[in-house]
Each structure stands twice: as structure tokens, then as C-alpha cells.
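Everything below concerns the one structure shown next.
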Amino acid sequence: MSINILNITHANGMVLSSAPPDATITARHDPIPDNFVRKTARTYMLDSTVEAYTQGPGANDEAPSGTLLTLVMLLAESLTSLWQSGQVVQSGSRIPTNPSPPKTGEHGESRDQLVTCVVKDILRQVRNKARNVILAGMVEQQTKVKVPGIPDIDKLSRLLWRHLTGNKSSKSNTQIDKLLTPEIKVRFAFLRLATIENLLDGNARNHSQWLEIDSLLAALRGQSHEYIKVWRLLVSERDHELFATSPMYDDSTSATLQTKLCPTDADVHARMLNQPCC
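The opening residue of the sequence shown carries number 1254 in this note's numbering; numbering runs sequentially from there.
Quick look at the structure:
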């Protein structure tokens, strides 16, 4: 039996499409198709339940099971196993050049180490490009489409959806809006608030905003359902207050953003006291 890597379904029911038909293993040292990893990572960036976007500041850091790296590695390892057994096909033909991934690299790395290194490097690229879209209206975009002002959450969500799916013009705004859940919009709003904090905080510019995002997400785990519900409400309200009118990024806007943007623990508890039944 053969499995087409253009259509692999993860255990959570999400269909993960891999590389376009022209994707191939380019050399014996390529343990897995880059486009497969990139497309899988971008797909998971559209998942509002991802628990962390990095592995953490150190290689031995404990990480939750729902990290972007872990989720992508599960699919990468599945593909590698299928490839090794000769079950993987693409566009009707077997992936060329090698019947199985190399067992060691040029410097003696194991196949697993090679796959992990490839995946980590691609995830870094995926995060960096997503960051540029998240900061639309604040940093120059590497696209022909110029964003007038900082987009509201609906526009930002569409921009991210188009970027992460690669479907630049195949769907209308109305069609995309139907695919965007309230949960993913809140996640996108949170990513923007946290990224702007990192961008404008002179003391944080040398720190990855993704590590800070992961730290905030870790603090949410274990909180009550009511706490998380209020936190999400505050994220949505703050994003709407700041960007609903798609303001231009100028000195005035920059001054407004020079504050703590993401809701703090004190903010959440204060709202819970005022609206205990929200």
C-alpha cells in the first residue's frame, strides 16, 4: 500500500497537505522534503490549541506535548518511516534519489538528528515570516500588497490565513472569514500584542518574542476555564481598542503602544471580580 504525502491526516483530524508536486529530496543529505515540513508547520500555525511555538531557551527544557516542533516532528517521523519502507509516493511516483533516509550525515549525525535539525531550521524560518505578517502596517512587508495602516483583526486574520495556507487569491474575504474561528482570531490578536511588546521594548529586542509568547501560554495552562475565558476577552478588547480603525503607525501610535499590551494576571482577576459570571 502506498500513501500520498500530499494528503496525510493527523490524529487530531487535521488534514496536512505537504509539498507541491515539484518537491523532491534534492540530495542524499536531505532527510525529508523541506516543503513538507514548511507546509505542515504553517498548517499548525492556524491551530489555536498549539501550546508553544519553540522548544524553549535550552535543548533540555521541558516542553508541553503540543509544541509546534513536537507536532511537526510527529508528522515528519511518520513520513520518514513510510519513506524508509518504500510506501511514500508523490504525484504517482516514488520520491527519487534514495530508498531510505541517510543513517548518518557528513559529521556522523544520526538520521533522527538530521531530521530534527532540518525541522528546527525550517520552523525558525516559518516563525520569522509569520512575524512579518503579524506586524503588518508596522514593518515593511515582503509582498506586492501594501497594507494601509495597521489592520484590524479581521484583516490581519485574512492576511495570516493567506500567508500560512499559500492561497493568495483562491478564496474571497467572505470565504476566508467562514474558515476563521473566534479562537484563532483571539490567538492571532494575542500573537500581535505580544510581538509588538517585544518590538517596542528596548530591553526585550534581543529576546525572541516566541519565547515570551510561550512563557505567557505556559502561564495560562492550569488556569480555570473562567480565567482563560476572561483572558481571551481582554485580548480581544485590547486589540479592538488599538486597531479597530486601522491606524497608521506613526509617533502617536507608537506612544500608545509603549505600554503593557497583553493582559496581566492582575487584569484578569480584576475583571473576574467585576464580572464574575462573564
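All residues carry an ideal CB built from backbone N, CA and C; glycine is no exception. Since the model is a prediction, treat every value here as computed from it, not as a measurement.
Task: For Leu-1322 and Tyr-1502, the rounded distance between their alpha carbons - done: As a working mapping, residue 1502 is identified with position 249 in the sequence shown. As a working mapping, residue 1322 is identified with position 69 in the sequence shown. Each residue's alpha carbon lies about 33 Å from the other.
TODO: Give me the Cα-Cα distance between Thr-1320 and Gln-1308, rounded to the nearest whole angstrom.
DONE: Reading the sequence shown from its first residue, position 67 is the one you call residue 1320. Reading the sequence shown from its first residue, position 55 is the one you call residue 1308. Our two residues, Thr-1320 and Gln-1308, have alpha carbons roughly 7 Å apart in a direct line.
TODO: Just grab the DSSP bridge partners of Thr-1320 for me.
DONE: Stepping through the sequence shown from its first residue, residue 1320 is reached at position 67. Ala-1305, per the DSSP bridge assignment.
Open item on the list: Quick check on the DSSP output: the alpha helix (DSSP H) that includes Tyr-1532 runs from which residue to which?
Closed with: This structure does not reach residue 1532, given that the chain is present from 1254 up to 1531, and the question cannot be answered.
TODO: Could you tell me the distance, in whole angstroms, from the CA atom of Asp-1375 to the CA atom of Arg-1291?
DONE: As a position in the sequence shown, residue 1375 is number 122, starting the count at 1. As a position in the sequence shown, residue 1291 is number 38, starting the count at 1. Sequence inspection shows Ile at residue 1375; the Asp mentioned does not correspond to that position. Ile-1375 and Arg-1291: Cα-Cα distance of roughly 6 Å.
TODO: Report the residue ranges of all beta strand (DSSP E) runs contained in full by the stretch 1388-1442; include only those spanning at least 3 residues, in chain order.
DONE: none
Open item on the list: Taking the alpha-carbon of Asn-1381 as reference, which of Leu-1413, Cys-1370, Thr-1369 has the nearest alpha-carbon?
Closed with: In the sequence shown, residue 1381 corresponds to position 128, counting from 1. Minimum Cα distance to Asn-1381 is reached at Leu-1413.
Task: His-1460 (DSSP reduced to helix, strand or coil) - done: One-based indexing of the sequence shown puts residue 1460 at position 207. Coil at His-1460, not helix or strand.
Task: Of the listed residues Tyr-1480, Asn-1456, Asp-1405, nearest to Met-1391 (C-alpha basis) - done: As a first step, residue 1391 must be located in the sequence shown, where it is residue number 138. The shortest Cα separation from Met-1391 among Tyr-1480, Asn-1456, Asp-1405 belongs to Asp-1405.
- [ ] Check Ser-1505 in the structure and name its three-state DSSP category.
- [x] Counting from one through the sequence shown, the residue named residue 1505 turns up at place 252. Helix, per DSSP.
Task: When Gly-1402, Asn-1451, Gln-1511 are compared against Thr-1498, the one with the closest alpha-carbon - done: In the sequence shown, the residue the question calls residue 1498 occupies position 245. Here the closest residue by C-alpha is Gly-1402.
Task: Residues near His-1416 in its chain [Cβ-Cβ closer than 6 Å; skip 5 each side] - done: Here the question's residue 1416 lines up with position 163 in the sequence shown. Residues of the same chain with a CB within less than 6 Å of the CB of His-1416, apart from the 5 flanking positions on each side, are Val-1386 in chain order.
- [ ] Output the distance between the C-alpha atoms of Ser-1422 and Leu-1324, rounded to the nearest integer angstrom.
- [x] In the sequence shown, residue 1422 corresponds to position 169, counting from 1. In the sequence shown, residue 1324 corresponds to position 71, counting from 1. For Ser-1422 and Leu-1324, the distance between alpha carbons rounds to 28 Å.
Open item on the list: Does Cys-1370 pass the burial test, meaning 16 or more other C-beta atoms within 10 Å, or should it be called exposed?
Closed with: As a first step, residue 1370 must be located in the sequence shown, where it is residue number 117. With fewer than 16 Cβ atoms within 10 Å of its Cβ, Cys-1370 is classed as exposed.
- [ ] In the DSSP assignment, find the alpha helix (DSSP H) that holds Arg-1524 and state where it starts and stops.
- [x] Residue 1524 sits at position 271 when you count from the first residue of the sequence shown. First-last of the alpha helix (DSSP H) with Arg-1524: 1518-1527.
Task: Alpha-carbon to alpha-carbon, Glu-1330 and Thr-1296 - done: As a first step, residue 1296 is located in the sequence shown; it is residue number 43 there, counting from the start. As a first step, residue 1330 is located in the sequence shown; it is residue number 77 there, counting from the start. The straight-line gap from Cα to Cα measures roughly 17 Å.
TODO: Could you pull the start and end residues of the alpha helix (DSSP H) that Lys-1482 belongs to?
DONE: For the purposes of this step, residue 1482 is identified with residue 229 of the sequence shown, where counting begins at 1. Per DSSP, Lys-1482 belongs to the alpha helix (DSSP H) from 1478-1496.
Open item on the list: Measuring only the C-alpha atoms, how far is Ser-1489 from Ile-1481?
Closed with: The count along the sequence shown starts at 1 and reaches residue 1489 at position 236. The count along the sequence shown starts at 1 and reaches residue 1481 at position 228. Each residue's alpha carbon lies about 12 Å from the other.
Open item on the list: Given a cut-off of 8 Å on the beta-carbon distance, is the pair Cys-1515 and Glu-1436 in contact?
Closed with: Here the question's residue 1515 lines up with position 262 in the sequence shown. Here the question's residue 1436 lines up with position 183 in the sequence shown. No, these two residues do not count as a Cβ contact at 8 Å.
Open item on the list: Is it buried or exposed, Lys-1235, if we count other Cβ atoms within 10 angstroms and call 16 or more buried?
Closed with: The question about residue 1235 has no answer, for the chain in this structure spans 1254 to 1531.
Open item on the list: Give me the residue from Gln-1528, Pro-1286, Thr-1517, Asn-1459 with the minimum Cα distance to Leu-1367.
Closed with: Against the sequence shown, residue 1367 aligns to sequence position 114. Distance from the Cα of Leu-1367 is smallest, within the candidate group Gln-1528, Pro-1286, Thr-1517, Asn-1459, for Pro-1286.
Open item on the list: Report the CB separation of Arg-1445 from Asp-1407 in whole angstroms; it is logged as a contact under 8 Å.
Closed with: Reading the sequence shown from its first residue, position 192 is the one you call residue 1445. Reading the sequence shown from its first residue, position 154 is the one you call residue 1407. Contact doesn't hold; Cβ gap of about 13 Å is too wide.
TODO: Would you mind sorting Gln-1511 into buried or exposed? The rule is 16 or more other CB atoms within 10 Å of its CB.
DONE: In the sequence shown, residue 1511 corresponds to position 258, counting from 1. Exposed, because fewer than 16 other Cβ atoms sit within 10 Å of the Cβ of Gln-1511.
Task: Rounded straight-line distance, which links the Cα of Asn-1288 to that of Thr-1277 - done: If you number the sequence shown from 1, residue 1277 lands on position 24. If you number the sequence shown from 1, residue 1288 lands on position 35. Interpretation of Thr-1277 is limited by its pLDDT of 36, a score under 50 that renders its predicted location unreliable; the figure taken from the coordinates is listed afterwards. One C-alpha to the other measures close to 9 Å.
Task: Where Leu-1327 sits in the DSSP three-state scheme - done: As a first step, residue 1327 must be located in the sequence shown, where it is residue number 74. If DSSP states are grouped into helix, strand and coil, Leu-1327 belongs with the helices.
Open item on the list: My output table needs one value for Ser-1468: the three-state DSSP class, helix, strand or coil.
Closed with: Residue numbering aside, residue 1468 sits at position 215 when the sequence shown is read from its first letter. It is helical.
- [ ] Measure the alpha-carbon distance for Val-1303 versus Thr-1434 and round it to whole angstroms.
- [x] Looking up residue 1303 in the sequence shown gives position 50. Looking up residue 1434 in the sequence shown gives position 181. In a straight line, the C-alpha of Val-1303 is about 15 Å away from that of Thr-1434.
- [ ] Go ahead and pull the three-state DSSP assignment for Asp-1300.
- [x] One-based indexing of the sequence shown puts residue 1300 at position 47. Residue state, collapsed to three classes: coil.
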